[in-house]
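According to this note's numbering, the sequence shown is numbered sequentially starting from 5.
Notes follow the structure.
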Amino acid sequence: MSWEYKRALSAKLKSRFKHREGLNNDSKTNKRRNTREKTTVTERQRLEKNKSDPVLRANQQEKERQKYLTKKSKGIILPIGEMSPR
């Protein structure tokens with residue numbers, strides 16, 4: 005496709021959707037942003053709660069250790085001796 009054809013096509017599409025220009029499509033974006041912010045805040049609160057409680061912290065550390073060991077056994081994480089030189 006030439007750039008001239010693309011430009012003509014985009015102008016044609018813009019004229020087709022002129023009636024939508026007045027609509028505010030930011031509500032969808034704001035909704036996504038708000039839900040993302042809420043989830044990050046709740047996740048931070050959950051992590052803070054886990055860090056403050058010694059039992060939950062130990063459980064979390066054990067889960068992370070198990071994840072690490074499974075990755076190591078699968079070969080996803082390599083020891084330094086097996087890595088290629090840069």
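Idealized CB from N, CA, C, for every residue including glycine.
Keep in mind the model is a prediction, meaning the values are calculated, not measured.
- For residue 42, same chain residues with a beta-carbon under 6 Å away, outside a window of 5 residues either side, do not exist.
- The three-state secondary structure of residue 79, taken from DSSP, is coil.
- If you ignore the 5 residues before and after residue 64, its C-beta comes within less than 8 Å of the C-beta of 54, all in its own chain and listed in chain order.
- Residue 75 is positioned such that its CB atom lies no closer than 7 Å to that of residue 84.
- Straight-line spacing of the CA atoms in residue 16 and residue 10 works out to 10 Å.
- Assignment of residue 69 by DSSP, reduced to helix, strand and coil, places it in the helix class.
- CA-CA distance, residue 20 to residue 14, rounds to 10 Å.
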